[in-house]
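Number of protein chains: 4
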Amino acid sequence: MSSLIRPQRDGQGFRLESRSVLETDTRRVDHIMGADLNTEVGNRIRQRRALVKMDQAALASRLDVPVSVVQGWESGSGAQPLDLTGLADVATALSTSIADLVPAPEDDLTDGVRLQLPDEDSSIVGSRGGVDYYVYRCLVRSPSVPMLIPLVVDVLVDDRERAEFNGGHAGHEFIYVMEGSVHMQWGDEAAPKTADLPTGASIYISPYVSHTFTALDGRNARLLAVNF
Amino acid sequence: MSSLIRPQRDGQGFRLESRSVLETDTRRVDHIMGADLNTEVGNRIRQRRALVKMDQAALASRLDVPVSVVQGWESGSGAQPLDLTGLADVATALSTSIADLVPAPEDDLTDGVRLQLPDEDSSIVGSRGGVDYYVYRCLVRSPSVPMLIPLVVDVLVDDRERAEFNGGHAGHEFIYVMEGSVHMQWGDEAAPKTADLPTGASIYISPYVSHTFTALDGRNARLLAVNF
Amino acid sequence: MSSLIRPQRDGQGFRLESRSVLETDTRRVDHIMGADLNTEVGNRIRQRRALVKMDQAALASRLDVPVSVVQGWESGSGAQPLDLTGLADVATALSTSIADLVPAPEDDLTDGVRLQLPDEDSSIVGSRGGVDYYVYRCLVRSPSVPMLIPLVVDVLVDDRERAEFNGGHAGHEFIYVMEGSVHMQWGDEAAPKTADLPTGASIYISPYVSHTFTALDGRNARLLAVNF
Amino acid sequence: MSSLIRPQRDGQGFRLESRSVLETDTRRVDHIMGADLNTEVGNRIRQRRALVKMDQAALASRLDVPVSVVQGWESGSGAQPLDLTGLADVATALSTSIADLVPAPEDDLTDGVRLQLPDEDSSIVGSRGGVDYYVYRCLVRSPSVPMLIPLVVDVLVDDRERAEFNGGHAGHEFIYVMEGSVHMQWGDEAAPKTADLPTGASIYISPYVSHTFTALDGRNARLLAVNF
């Protein structure tokens, strides 16, 4: 069941194909209690409805459902199942977004901190242009800070003619060269800026700036990349 | 089916009970195409998964579902229905919020503008302490700017001994006294600040500052209140 | 000394020329104590310097000034005057913005509220294309919420052939038609969208959407416009 | 002139005393042209003044200065020097913050990227409780992203009885254990949470969570800390 990721470049960024994962990821998601989620969504519908000065009957009328259905949603009983399409309609009727009606992520921090030990990392090979390009080792993440995506990245390709740009991505990126040296290219892919960077160099990359790394000196290089 | 809103104060702000709406609200929500929504959510799952360097198999493994289910979600085919609880689990597995995986509201603006004619307003009576306290007339809103909630508010009570505070609310509020005069009370309900405000006075109220208005001079007053 | 504002359209929005103010604005700004400001800026320099792990000597070295000058700034004594150019250099040396080193506005709210009585409003004529176009009456503002700019706007021109667009502006805008009727034009000035709007109509305008109003029915119209 | 930083804990975080820097920091700040800065501030004053519908005379009147002074500020000629206290008064008169009237940092990025080579790092010893506690090596920073403060941190103390908490700080923090092992303590200093973390462990710390590291196994440890 485990498999490697094989991102291939297309217009929208990457198309992903599976192969085999380096390390089996044994962490399982604890299922969120449906009851709690329904209660939370029900509360948010009720609060938003009060804010826009609408009563249950008016909301029901706009959605063309019986008032009892709205009451069921707001009670969080789960007796009136609210699927995504239904929630989208409720959001529109209340002049808001679906995002406004769903709960924030549960805090998985311990007194404000989350730790990850090395043997909890999951690794994956990222392919570009049909070639194994990077190995990513995923470091600590938390739904409390979804923009934080820290990775140890092994740079496998040392032929800069085979460099493949990533197309850029949302979010800022900080990179530290942990081992080896890298050739960095960024910006306009047809005429990129370039730099050779030794161990200990550090890099800031703005959102949406396309970039790529290849190894120098005929050996793998290792980066610490922190997306934030 | 139409009914009045009867907000009654409780610890959490207002408890709402229905009575009868002043004007029937005939606007109906156009149902969002479920197919489009599934496609959009599928795209967002796929993009987030690529961002955190997880392949379909790893995501499936964390969620204890077959890979084909993840593929179904991402294809947006709708063949694999994804309910709210399921989406919450996916969000947790991808270290993000449900809100990150659902689409932004559809833009209901016309070249950046939304208009509302007076006969499209919906009105509702807000009750406090068992008394009809305000009549709210709801002005233009849009899911594109959910924090904007503009209202014409008729102040029905002129006995300041019967003033009932609103407990404060999220968001800033701007108020303009359109007709009549009002007695405003705000802050600590036990020892509120007060002011008498004539037609033409304007007020800024910070988020979460509890406040209330009663009419002066024995006649109704009318406010324009813009929450933003 | 009082004068009217005569905004004339240029590429950057408006060029302003003075004429005469309708009402003399008698409010004076209480001068902020220079000592307090120096202390606050000094504290912020010191805190930022600690955050980026730089000592006074290193900061002085980067700025090519004696350490005693940095000590003077941080003490807030005012003995080492720090002008804007100097502060810009300090900000650059500390990898931050000038804005990060200056204090937030003093809170001019009373328990979270700011009031303005009608006789405290200042009025001004806005000219477009050499014609008196609008009269603006400025309602309550506060440095605590600089994006809030509420205005009563009298629409003086009723010939839509003489309509002059405003070019759009940052910030959202909500408008309520208080008196009379208006013809609204917005979007592409060469082929604008249009609408006739009676008393009681309400409008949301997105940031940077160019728009203009002319009066209908041969009489002035009055708008309440809330920029936020 | 070079000196070490000796942060000592006080109620407000750290009090800093100078000693001697490990490496001389030879980078100098290029002085921003005063003329450009004056022009930029002048433009911002003029734009804000137009936004709040005030003319030069009204602004001058509020500030009790001749109109020619306001004209001088807005022209950016520098003939009317505007110091910080003056700018604070202008901001208040225009219902905004000083920060709103000063320019954003100059972009020091090259096509969206900023690089720092290892020999450009500056190092400094951070002392706590009178003891050399950490050595900080400062990695790439940019005024374009002032919240990004990446550091290599050598942990010098291995006696956890001598651990000194940092009191927490604004901003998120990501930490990666590069070399050695560390004992981490965080939260309530009287009864902290603790963890032993080997090379390769990664940590997320929420804003304002007080924390500290001591080395394990009788040898220095090295962290990569990214504040963002």
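Chains as they are written, first to last, in the numbering used here: chain A, 1 to 228; chain B, 1001 to 1228; chain C, 2001 to 2228; chain D, 3001 to 3228. Just so you know, even glycine gets a beta-carbon here, dropped at the ideal spot from N, CA and C.
Return the CA-CA distance between residue 3087/D and residue 2095/C, expressed in angstroms with no decimal places. Walking along the fourth sequence from the start, residue 3087/D turns up at place 87. Walking along the third sequence from the start, residue 2095/C turns up at place 95. Those two C-alpha atoms are separated by around 22 Å.
Quick check on residue 3155/D: does DSSP put it in helix, strand or coil? Locating residue 3155/D in the fourth sequence gives position 155, where the first residue counts as 1. If DSSP states are grouped into helix, strand and coil, residue 3155/D belongs with the strands.
Tell me residue 2132/C's beta-bridge partners as DSSP assigns them. As a working note, residue 2132/C is residue 132 in the third sequence. Answer is 2127/C, bridged to residue 2132/C.
Check for me: the beta strand (DSSP E) holding residue 1222/B runs from which residue to which? Indexing the second sequence from 1 puts residue 1222/B at position 222. It spans 1221-1227 - the beta strand (DSSP E) in which residue 1222/B sits, taken as one unbroken run.
Would residue 238/A and residue 1143/B be called neighbours here (beta carbons separated by less than 8 Å)? Residue 238/A is absent from the structure shown; chain A starts at 1 and stops at 228.
Quick check on the burial criterion: 16 or more other C-beta atoms within 10 angstroms. Buried or exposed for residue 1077/B? Counting from 1 along the second sequence, the entry for residue 1077/B is found at position 77. Residue 1077/B should be labelled exposed.
Output, in chain order, the set of chain C residues within a Cβ distance shorter than 8 Å of residue 1186/B. As a first step, residue 1186/B is located in the second sequence; it is residue number 186 there, counting from the start. Those are 2111, 2112 and 2113, listed as they occur along chain C.
DSSP state of residue 2039/C, grouped into three classes? By one-based count along the third sequence, residue 2039/C stands at place 39. Of the three classes helix, strand and coil, the one that applies to residue 2039/C here is helix, per DSSP.
Looking only at C-alpha atoms, which of 2209/C, 2192/C and 2181/C sits nearest to residue 2223/C? Taking the third sequence and counting its residues from 1, one reaches residue 2223/C at position 223. Closest option to residue 2223/C, Cα to Cα, is 2181/C.
CB contact below 8 Å: residue 39/A versus chain B: For this step, residue 39/A is matched to residue 39 along the first sequence. Closer than 8 Å: no.
Residue 42/A classed as buried or exposed, judged by whether at least 16 other C-beta atoms fall within 10 angstroms: Within the first sequence, numbered from 1, the residue matching residue 42/A stands at position 42. Classification of residue 42/A: buried, given that the 10 Å Cβ count is 16 or more.
Can you tell me which of the three DSSP states residue 1181/B falls into? Translated into positions along the second sequence, residue 1181/B becomes position 181. Residue 1181/B: coil per DSSP, three-state reduction.
Residue 1063/B versus residue 1089/B - alpha carbon distance: Position 63 of the second sequence, counted from the start, is the residue given in the question as residue 1063/B. Position 89 of the second sequence, counted from the start, is the residue given in the question as residue 1089/B. Whole-angstrom Cα-Cα distance: 7 Å.
Once you ignore the five residues that flank residue 55/A on each side, which residues in its own chain have a CB closer than 7 Å to its CB? Indexing the first sequence from 1 puts residue 55/A at position 55. Nothing listed; no residue qualifies.
From the DSSP output, read off the bridge partner residues of residue 2186/C. As a working note, residue 2186/C is residue 186 in the third sequence. Paired residue(s): 2193/C and 2211/C.
Among all the DSSP beta bridges, which residues are the ones paired with residue 3175/D? To locate residue 3175/D, count along the fourth sequence from 1; it is residue 175. Paired residue(s): 3203/D and 3225/D.
Beta-carbon separation of residue 1070/B and residue 1060/B under 8 Å? Within the second sequence, numbered from 1, the residue matching residue 1070/B stands at position 70. Within the second sequence, numbered from 1, the residue matching residue 1060/B stands at position 60. Yes. Within cutoff.
Near residue 1215/B, what residues of its chain come up, given a Cβ to Cβ distance below 8 Å and the 5 sequence neighbours on each side ignored? Translated into the one-based positions of the second sequence, residue 1215/B becomes position 215. Here the set comprises 1155, 1156, 1157, 1158, 1180, 1181, 1182, 1183 and 1221.
Any chain D beta carbon closer than 8 Å to residue 164/A: Locating residue 164/A in the first sequence gives position 164, counting from the first residue. Closer than 8 Å: no.
Proximal residues to residue 2227/C (C-beta, below 6 Å), its chain only, five neighbours per side dropped: The residue given as residue 2227/C occupies position 227 in the third sequence. Hits under 6 Å: 2149, 2171 and 2173.
Using a Cβ-Cβ cut-off of 8 Å, state whether residue 226/A counts as contacting chain D. As a working mapping, residue 226/A is identified with position 226 in the first sequence. So, interface residue.
Let's test the definition: count the other Cβ atoms within 10 Å of the Cβ of residue 1212/B and tell me whether it reaches 16, buried, or not, exposed. Translated into the one-based positions of the second sequence, residue 1212/B becomes position 212. Per the 10 Å Cβ criterion, buried.
Counting only beta-carbon separations shorter than 8 Å, does residue 23/A have a partner in chain D? By one-based count along the first sequence, residue 23/A stands at place 23. Because residue 23/A carries a pLDDT of 36, less than 50, the predicted location of this residue cannot be relied on, and the following value inherits that uncertainty. Not an interface residue.
Status (buried if at least 16 other CB within 10 Å, exposed otherwise) for residue 3208/D: Taking the fourth sequence and counting its residues from 1, the one referred to as residue 3208/D is at position 208. Counting Cβ neighbours within 10 Å, residue 3208/D comes out exposed, since fewer than 16 surround it.
Give me the residue from 2130/C, 2093/C and 2206/C with the minimum Cα distance to residue 1109/B. Counting from 1 along the second sequence, the entry for residue 1109/B is found at position 109. Closest by alpha carbon: 2206/C.
Any idea what DSSP makes of residue 150/A, helix, strand or coil? Taking the first residue of the first sequence as 1, we reach residue 150/A at position 150. Correct three-state label for residue 150/A: strand.
Which chain E residues sit within Cβ distance under 9 Å of residue 1084/B? The structure shown contains no chain E; the protein chains it does contain are A, B, C and D.
Backbone secondary structure at residue 1101/B - three-state DSSP: Taking the first residue of the second sequence as position 1, residue 1101/B is located at position 101. Looking at residue 1101/B - three-state DSSP - the assignment turns out to be helix.
Decide if residue 3058/D is buried, meaning its Cβ has at least 16 other Cβ atoms within 10 Å, or exposed. Position 58 of the fourth sequence holds residue 3058/D. Residue 3058/D comes out buried.
For residue 196/A, count neighbouring Cβ atoms within 10 angstroms of its own Cβ and tell me buried if that reaches 16, exposed if not. In the first sequence, counting from the first residue as 1, residue 196/A sits at position 196. Under this definition residue 196/A is an exposed residue.
Given residue 1202/B, which residues of its chain have a CB within under 6 Å of its CB, disregarding the five upstream and five downstream residues? For this step, residue 1202/B is matched to residue 202 along the second sequence. Excluding positions up to five away in sequence, the list reads 1176.
Taking 8 Å as the CB-CB limit, is residue 2212/C close to chain D? Within the third sequence, residue 2212/C is the residue found at index 212, counting from 1. Taking Cβ atoms only, chain D never reaches closer than 8 Å to residue 2212/C, which makes this a no.
Starting from residue 56/A, trace the alpha helix (DSSP H) both ways and give me its first and last residue. For the purposes of this step, residue 56/A is identified with residue 56 of the first sequence, where counting begins at 1. Residue 56/A -> alpha helix (DSSP H) spans 56-63.
Just to confirm, are residue 204/A and residue 3145/D a CB contact at a threshold of 8 Å? To locate residue 204/A, count along the first sequence from 1; it is residue 204. To locate residue 3145/D, count along the fourth sequence from 1; it is residue 145. In contact: residue 204/A and residue 3145/D (Cβ atoms closer than 8 Å).
According to DSSP, is residue 2026/C part of a helix, a strand, or is it coil? Locating residue 2026/C in the third sequence gives position 26, counting from the first residue. Legend: pLDDT at residue 2026/C = 48, less than 50; position of this residue unreliable, value from coordinates given subsequently. Coil at residue 2026/C, not helix or strand.
If you draw a straight line from the alpha carbon of residue 193/A to that of residue 3121/D, how long is it in whole angstroms? Taking the first sequence and counting its residues from 1, the one referred to as residue 193/A is at position 193. Taking the fourth sequence and counting its residues from 1, the one referred to as residue 3121/D is at position 121. Going from the Cα of residue 193/A to the Cα of residue 3121/D covers about 23 Å.
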